[in-house]
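**Q**
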Amino acid sequence: MSVPQPADGTPILELRGVDKSFGANQVLHGVDLKVYPGKVTALVGDNGAGKSTLIKSIAGIHPIDGGQILFDGNPVDIAGPRDSAKLGIEVVYQDLALADNLDVVQNMFLGRERKNGLLLDEISMEQAARDTLAKLSVRTLKSVRQLVSSLSGGQRQTVAIAKAVLWESKVVILDEPTAALGVAQTRQVLDLVRRLADTGHAVVFISHNMVDVFEVADRIAALYLGRMAADIPISEVNRGQVIELITAGRSGDIGIAPADVAAVEV
Amino acid sequence: MSSNTITGSTSAQEPGGFEGDRSTDSLGGAARAYVARVRGGDLGALPAILGILALGLLFFALRPETFLTPRNMANLADQAAPIIILAMGLVFILLLGDIDLSAGVVSGVCAAVMAKLLADAGAPWYVAVLAAIVTGAAIGLFTGSLVGLIGIPSFVVTLALFLGWQGVTLRLIGQGGTVPVRDEVVSAISDKNLPVVLGWVLALVVVALYAVLQLNRWRTQQAKGLASQPLAVVLVRIGVIAAVVVLVTAVLSLDRAPAAGVVLAGIPYAIPLVVILLLALSFVLGRTSFGRHIYAVGGNAEAARRAGINVTKIKVSVFVIGSTLAAISGIVAASRLGSVAPGSGGGNTLLYAVGAAVIGGTSLFGGRGRVRDAVLGGLVVAIIANGLGLLGTEAYLNFIITGGVLLLAASVDALARRRAAATGH
């Protein structure tokens, strides 16, 4: 598999000391994260560690309270979903965020419809949707004009990922894309994730499944109670260490300093 | 949409994908797909069309000498127009899963504004009509802001406004009073008819335009290898539309004067008004990104928000559209009755319109509905009111029957939705 950028290249997306609270509840504490083009970064952490909040902050759904987001080395202000989309950040949510009453093409272009003057340009949208699905070797859809309500879980996942790829996106964030899928469909999605990275996308891949993580990821970022315990190449850790990072925030000399772990747990 | 098929070669695809987009290119295949869709809970316009046919036959059998006469058909059109226009506005609101219980009385307020300007201020018709429409839009902005910005459920907001606006109409008109509407242009909407020749010309233009647009779209889809329906289905649809338009024009072009010596013929102006609104609003809903976003918000508001759609703006705008159409409906109703009373737009006005939208196939749960639903459902409701009038049934029976029909339509909607959820359509 080709790696377009060396590991020590500039991260396309970098978070520095990001804080996020909901009322009195601080969910993210000074989170740092580096995401590189052509690499799959696995974002791991226990339930409630702040994974979903982190990606929603990057997507502009929950704008950050403190810290800095850098895109391509430049500080950026992400105040809403449009801002992140404009930068080329696409998120595929766990609950997929598709409108059931619209068809595949309509969903893929939702919010960014192509227009011909006032009119929607259905022809060009359908062609682009078709081309993107074909490029991803999607063979399971009966029709691109099928309503999303009639699709299976795997098909929805495929549509959601294809929707993200359609947008010349630079960063694709996948929130547990394999969580609800069977063996064959998981295989297809993992292949798709690898293909995304090999075509130069920076991929952030959230998963609880260590087999999937070690199969597809180049780097691993572990969140522990809203703090980043480690953001390192996956070759530097083994499965046991990752599990320790997830459950205790540190493993050997990697992770949050012991004093801080104690402070977090109090 | 799963029945869509294409015949053309499909370029950038590997074998095995999109087989549903490839042709079965036969009427039989399309019919089977349609039956499958209906069984899956996607009823579309079917209940309304069946309703129109069944009720038409019923009243024709009961009142053969009056129901299907040209005069009664013209009367039916005038009766249906205000219901249909009000229902068109409600379709937009229902698409978001919201409701506007004040739409009926808003039409009353706007009609009262127009009538007062015409009768008391002596304003020209265009000023009065424009003032009524602007009043409607402003009311919609107010309602929409309460729902969209403050976040009060639309049911509560519009229930409160339902009472409030009745008070405003009462204040404008005065207790026990009526304000006559005698302006020539306003009265013409329901009293006057298109010249017969012009009616035929317009009818043929509409049919030709429809046929050209449909065939053109089909050809483009074929040429570019996109999903499309079989040609036979497109042709049948054009044929049905042409037949209906020609039949209606022919019936309304017959002389329907009550006495010999005078000639009363032609399409009432209310019909082209409804057709223009149908085309314009269908365009907005089906062919613009604004319309697409309305469907998206109605289907999954969170998905729409994440896609960068301004959900609040969409919410506010559907209420503006709804109340603006309510104003137009009020004007047409005032034109038909020749006056505005404190009770205008009250009573069963709103229920008729909600019933029309739901019978036509618009879901009360949001996300599903089209402007044509208002037309088809409005015809069903108007036929019931018209037919019961001809039968001379007592008022109490009218209420019970119309209420029953609305309940039936809502049940069909709920059952279809359950069925759709179960079969994944």
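Read top to bottom, the protein sequences are chains A and B. Start counting the first sequence at -9; every next residue gets the next number (the numbering used here). Start counting the second sequence at -4; every next residue gets the next number (the numbering used here). Note that beta-carbon positions come from the ideal geometry of N, C-alpha and C, so glycine has one too. Predicted model only: the values in this text are computed from it and were never measured.
By the 8 Å beta-carbon criterion, what residues does the region 272 to 297 of chain B contribute toward chain A?
**A** Result list: R282, T283, S284, R287, H288, Y290, A291, G293, G294, N295, E297.
**Q** List the residues of chain B whose Cβ lies closer than 9 Å to the Cβ of A:P223, in chain order.
**A** The residue you call residue 223 of chain A lines up with position 233 of the first sequence. Going along chain B, no residue has its Cβ under 9 Å from A:P223, so there is no contact; the nearest lies around 31 Å.
**Q** Starting from A:H191, trace the beta strand (DSSP E) both ways and give me its first and last residue.
**A** Taking the first sequence and counting its residues from 1, the one referred to as residue 191 of chain A is at position 201. Run containing A:H191: none; DSSP gives neither H nor E here.
**Q** If you measure between the beta carbons of A:A212 and A:V34, is that distance less than 7 Å?
**A** Working through the first sequence from its first residue, we reach residue 212 of chain A at position 222. Working through the first sequence from its first residue, we reach residue 34 of chain A at position 44. For A:A212 and A:V34, yes; Cβs fall inside 7 Å.
**Q** So, helix, strand or coil for B:Q161, using DSSP?
**A** To locate residue 161 of chain B, count along the second sequence from 1; it is residue 166. Here B:Q161 sits in helix by DSSP.
**Q** Tell me which residue opens and which closes the beta strand (DSSP E) that A:H19 is part of.
**A** Stepping through the first sequence from its first residue, residue 19 of chain A is reached at position 29. First-last of the beta strand (DSSP E) with A:H19: 15 to 25.
**Q** If you drop the 5 nearest sequence neighbours on each side, which residues of the same chain put their C-beta closer than 7 Å to that of A:P(-6)?
**A** In the first sequence, the residue the question calls residue -6 of chain A occupies position 4. Residue placement at A:P(-6) cannot be trusted, given a pLDDT of 45 that sits under 50; what the coordinates show is reported in the next sentence. If we look at A:P(-6) and ignore the five residues flanking it on each side, its Cβ neighbours are P27, G28, G190.
**Q** Under a CB-based cut-off of 7 Å, is A:D73 close to chain B?
**A** Counting from one through the first sequence, the residue named residue 73 of chain A turns up at place 83. No - not a single Cβ of chain B is within 7 Å of the one on A:D73.
**Q** B:L383 to B:R58, Cα distance in whole Å?
**A** As a working note, residue 383 of chain B is residue 388 in the second sequence. As a working note, residue 58 of chain B is residue 63 in the second sequence. Taking the straight line from one Cα to the other gives about 10 Å.
**Q** Can you list the residues of chain A that B:K219 reaches, using a CB-CB cut of under 7 Å?
**A** Within the second sequence, residue 219 of chain B is the residue found at index 224, counting from 1. Simply I113, Q117.
**Q** Report the rounded CA-to-CA distance for A:Q145 versus A:T130, giving the unit in angstroms.
**A** The count along the first sequence starts at 1 and reaches residue 145 of chain A at position 155. The count along the first sequence starts at 1 and reaches residue 130 of chain A at position 140. Distance between the alpha carbons of A:Q145 and A:T130 is about 7 Å.
**Q** Does B:V192 pass the burial test, meaning 16 or more other C-beta atoms within 10 Å, or should it be called exposed?
**A** As a first step, residue 192 of chain B is located in the second sequence; it is residue number 197 there, counting from the start. Exposed is the call here.
**Q** Distance, Cα to Cα, B:V124 vs B:M109?
**A** Taking the first residue of the second sequence as 1, we reach residue 124 of chain B at position 129. Taking the first residue of the second sequence as 1, we reach residue 109 of chain B at position 114. So the two alpha carbons sit approximately 6 Å from each other.
**Q** Assign A:E226 to buried or exposed, taking buried as 16 or more other Cβ atoms, counted over all protein chains shown, within 10 Å of its Cβ.
**A** What you label residue 226 of chain A is simply residue 236 of the first sequence in a count that begins at 1. The residue is exposed, with fewer than 16 neighbouring Cβ atoms inside 10 Å.
**Q** What does the Cβ neighbour count give for A:P167, buried or exposed, with the cut at 16 atoms within 10 Å?
**A** Here residue 167 of chain A corresponds to residue number 177 of the first sequence, with the count starting at 1. A:P167 is buried by the Cβ-count criterion.
**Q** Excluding the 5 residues preceding and the 5 following B:G11 in the sequence, name in chain order all residues of the same chain whose CB lies nearer than 7 Å to its CB.
**A** Taking the first residue of the second sequence as position 1, residue 11 of chain B is located at position 16. For B:G11, the predicted structure reports a pLDDT of 45, less than 50, and the residue's modelled location is therefore unreliable. The matter cannot be settled from this model.
**Q** Taking the alpha-carbon of B:L359 as reference, which of B:A49, B:G46, B:L401 has the nearest alpha-carbon?
**A** As a working note, residue 359 of chain B is residue 364 in the second sequence. Selected option, being the one with the closest Cα: B:L401.
**Q** Residues of chain B with CB closer than 7 Å to the CB of A:K105, please, in chain order.
**A** As a first step, residue 105 of chain A must be located in the first sequence, where it is residue number 115. S284, listed in chain order.
**Q** When the Cα of B:A352 is compared with those of B:G340, B:D95, B:A369, which residue comes out closest?
**A** Within the second sequence, the letter at position 357 stands for residue 352 of chain B. The option with the nearest alpha carbon to B:A352 is B:A369.
**Q** In the region 157 to 236 of chain A, which residue ranges form an unbroken beta strand (DSSP E) of at least 3 residues, counting only runs that do not cross its ends?
**A** 161 to 165, 192 to 196, 209 to 214, 217 to 223, all fully within the region 157 to 236 of chain A.
**Q** Report the option in B:T319, B:S318, B:R232 whose CA atom is closest to the CA atom of B:L22.
**A** Taking the first residue of the second sequence as 1, we reach residue 22 of chain B at position 27. Measuring from the Cα of B:L22, the nearest candidate turns out to be B:R232.
**Q** B:I304 touches chain A at which residues, Cβ-Cβ below 7 Å?
**A** On the second sequence, residue 304 of chain B is found 309 positions in, with the first residue counted as 1. Simply G101.
**Q** Strictly below 7 Å CB to CB, what residues from chain A border B:G143?
**A** On the second sequence, residue 143 of chain B is found 148 positions in, with the first residue counted as 1. Residues of chain A passing the Cβ test: none, with the nearest at roughly 17 Å.
**Q** Measure the Cβ-Cβ separation of B:A107 and B:I168 and say whether it is below 7 Å.
**A** As a first step, residue 107 of chain B must be located in the second sequence, where it is residue number 112. As a first step, residue 168 of chain B must be located in the second sequence, where it is residue number 173. Their beta carbons are under 7 Å apart, which means B:A107 touches B:I168 by this criterion.
**Q** Between the Cα of B:I271 and the Cα atoms of B:I379, B:V366, B:L141, which residue gives the shortest distance?
**A** The residue labelled residue 271 of chain B in the question sits at position 276 within the second sequence. With distances taken between Cα atoms, B:I271 lies closest to B:V366.
**Q** Please classify A:S133: does DSSP put it in a helix, a strand, or coil?
**A** As a working note, residue 133 of chain A is residue 143 in the first sequence. Here A:S133 sits in coil by DSSP.
**Q** Among A:A14, A:G101, A:E103, A:V25, which has the Cα closest to the Cα of A:G(-1)?
**A** Taking the first sequence and counting its residues from 1, the one referred to as residue -1 of chain A is at position 9. Minimum Cα distance to A:G(-1) is reached at A:V25.
**Q** Out of curiosity, what's the CA-to-CA distance linking B:L385 and B:A302?
**A** Counted from its first residue, the second sequence places residue 385 of chain B at position 390. Counted from its first residue, the second sequence places residue 302 of chain B at position 307. Taking the straight line joining both Cα atoms gives about 53 Å.
**Q** Is there at least one Cβ from chain A nearer than 7 Å to B:I1's Cβ?
**A** Counted from its first residue, the second sequence places residue 1 of chain B at position 6. Unreliable positioning characterises B:I1 in this predicted model, as indicated by a pLDDT of 38, which lies under 50. A coordinate reading is not provided.
**Q** Taking the straight line between their C-alpha atoms, what separation do you get for A:I51 and B:L280?
**A** Against the first sequence, residue 51 of chain A aligns to sequence position 61. Against the second sequence, residue 280 of chain B aligns to sequence position 285. In a straight line, the C-alpha of A:I51 is about 27 Å away from that of B:L280.
**Q** Three-state secondary structure (DSSP) at A:D85?
**A** Taking the first residue of the first sequence as 1, we reach residue 85 of chain A at position 95. A:D85 falls in the coil class under three-state DSSP.
**Q** Which residue marks the beginning of the beta strand (DSSP E) containing A:T31, and which one marks its end?
**A** Residue numbering aside, residue 31 of chain A sits at position 41 when the first sequence is read from its first letter. Taken as a continuous stretch (DSSP letters only), the beta strand (DSSP E) holding A:T31 covers 30 to 35.
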